[in-house]
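**Q**
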Amino acid sequence: MTKTRSTDQWLGRARQAAGNGSGGVRRPWPLVLLAALLVALAVPAALLVAPGFLGPEPPAPAPPAPAWQQVPTALSPVPGLAPPDGSAPVPLPSAVSAQLEPLLTADGGGTFTAVVQDALTGQVLFDRGGSEGRVPASNMKLLAAVAALRALGPEHTFATRAVAGPAPGQVVLVGGGDVLLGPGGSKKDQVMGHAGLATLAAQAVEALQTGGVTGEIKVLVDDSLFSGPALNPAWEPGDVAAGEVAPVYSMALNSARYDPAVTTGPRPQDAAMTAAEEFAAGLRSAGAAAGLTVAAAVERLPQPAAGTTAPARPEGEGTSQPVVLGEVQSATVAEQVNLMLQDSDNYLAEALGRLTALADGLPGSYDGATAAVGAQLAAAGLAAEGMKLVDVCGLAMGNQVPARQFSEVVRAITSGTDTRLRSALDGFPVAGLSGTLDTRYGDAATARGAGLVRAKTGTLNTVLALSGYVVDADGRLLAFSFIGNGLTPGAAGNKEALDRAATALAGCGCR
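Under the working numbering, the sequence shown has 348 at position 330, and the numbering climbs by one with no breaks.
#1: Is the CB-CB distance between V181 and P340 below 9 Å?
#2: Thinking just about the alpha-carbon of each residue, which of D461, V190, L455, A414 is nearest to the one in P251?
#3: When we look at the beta-carbon of P507 and count the other beta-carbons within 10 Å, is it buried (16 or more) or exposed?
#4: State buried or exposed for N356, treating a residue as buried only when at least 16 other CB atoms are found within 10 Å of its CB.
#5: May I ask you to report which of helix, strand or coil DSSP gives Q347?
#6: Taking the C-alpha atoms as reference points, what is the distance between P286 and D277?
#7: In terms of residue numbering, what span does the beta strand (DSSP E) encompassing L143 cover?
#8: Under a three-way DSSP split, which group does G511 fall into?
#9: Does the beta-carbon of D207 have 16 or more other beta-carbons within 10 angstroms, so that it is buried, or is it exposed?
#10: Within its chain, find whatever has a CB closer than 7 Å to the CB of A220; leave out the 5 residues flanking it on each side and keep chain order.
#11: What do you get for Q360, buried or exposed, if any count of 16 or more other CB atoms within 10 angstroms of its CB means buried?
#12: With respect to the alpha helix (DSSP H) encompassing T217, which residues constitute its N-terminal and C-terminal limits?
#13: Excluding the 5 residues flanking F176 on each side, which residues of the same chain have their C-beta closer than 6 Å to its C-beta?
#14: Just verifying my parser: in three-state terms, what is the DSSP assignment at Y365?
#15: How about V391 and A155: do their beta carbons lie closer than 9 Å?
#16: Apart from the five residues just before and just after P157, which ones in its own chain have a Cβ nearer than 6 Å to its Cβ?
#17: According to DSSP, what are the bridge partners of N503?
#18: Assuming L443 is part of the alpha helix (DSSP H), what are its boundary residues?
#19: Would you report the Cα separation of A116 and K406, rounded to the nearest angstrom?
#20: Suppose you measure from the CA of R440 to the CA of L395; what does that come to, to the nearest Å?
#21: Along the beta strand (DSSP E) that carries Q16, what are the first and last residues, could you check?
#22: If you drop the 5 nearest sequence neighbours on each side, which residues of the same chain put their C-beta closer than 6 Å to that of L310?
#23: Count Cβ pairs between the segment 239-256 and the segment 201-215 that sit closer than 8 Å; are there 3 or more?
#24: Measuring straight from C-alpha to C-alpha, what distance separates L373 and L343?
#25: Please classify S383 as buried or exposed, where buried requires at least 16 neighbouring CB atoms within 10 angstroms.
#26: Would you kindly work out how many angstroms separate the C-alpha atoms of G171 and L376, rounded to a whole number?
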């Protein structure tokens, strides 16, 4: 009651004061003041009570990370990465060295060499034995990628053809360098299986029907595009037996795998014949309704002896060139290069090396491939003194390439100076996300590099390598190469050393 009387008394005095205004006119401003006071008291009270009904207020959103530090939404490294921007500060070499020196320590034996460069200027920010020849393992595929893109062009494709044979009733499957053939229909949205043998067989049957061919068809295979031994003598027999690679032919199913999803274990030892047998099965299936049968045996097309010419076509066909019955085209060189880098595909790398050699007018052999890769690097100003190549996939222990060469190759790919090479950007595995880096960068020491480091891996028994690029915390694009040789097999700390070093670059302001 006390509070009510006090309020009434206050209101009475307020009314009296209002009536005593000049001219006897009553002014409502005390009422306005009262209403304002009540509102002022009510708002804080409402704010105190509301969370009980509405729940706690959500925390303020964290500021977004810079673009170069954001994890990509797609499993590919910065598609269309812009050429390096010179506005970001360059790390100090002394600071980079302070970060990397304690990390690049071999676990149990061996040594690491390393080079870090500013991608725009080429300034060397860290160099530990970067000019020493090293066994690079699968980092060699970066050299093969540059050579293939330069010699063949990113949009080039390879044709696999079915042609009429030298005798009636014969169909010849001609390998054109596509080792990613699929057994079924062509899958135009895929790299592996882009050209399908079932599609080629259906084309051939239609052409045979149009030509009035009936009866039994004999399938021959022409895999003469490549020359020299199918297996490189520099490879260890144990690696071949384990399925790391297989004899290389000018056509193959699934990069010479029985199943593209199974990338270990036994492989076809005659990939061209395996492909031809699959093609014959496709002919048999497609030709049944057309009254065609296909002989069970598949044979190689006899090749003319050295110094002789090929046999002439049968009379009446009007041309010395075989009649094309069907043709399927591979995925582009750029797409194949990216698949090779992502999966570290040895077989595909060796095929692309031989195709590079043929494009340069050299034999489609191992020697031709290594010579062509070396020549293309020299023409691009990327060949290092003393470089020794004995294969182009990196499986051989006889290769010798310095870390500086790989950092320069990464610079060439990212710079945009040669647009052909930028086609390889999507091929670099992304740390923790894709390719041969998909299961790495998951521990506390390397998680900060996940999604940021983009690099080609290399792994042999006593060799580890990692070469790629990263944008540091200040937005500066850096190219790097780390190579370990003479390492203790199975020592987990060696791979971690590489990943921690690359993670340090990703978080480095280093000034």
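Even for Gly, the Cβ is constructed at its ideal location relative to N, Cα and C.
None of the values given here were measured: they were computed from a predicted structure.
**A** Here's the rundown:
#1: yes
#2: A414
#3: exposed
#4: buried
#5: strand
#6: 11 Å
#7: 142-146
#8: helix
#9: exposed
#10: A304
#11: buried
#12: 215-228
#13: G194, G195, D196, S348
#14: helix
#15: no
#16: The sequence shown places Asn at residue 157, rather than the Pro named in the question. Within the same chain, N157 has close Cβ partners F424, K474, G476, A483, S485.
#17: T129
#18: Premise fails: L443 is in no alpha helix (DSSP H) and is neither H nor E.
#19: 32 Å
#20: 15 Å
#21: This structure leaves residue 16 out entirely; the chain is present only between 19 and 529.
#22: I235
#23: no
#24: 24 Å
#25: buried
#26: 13 Å
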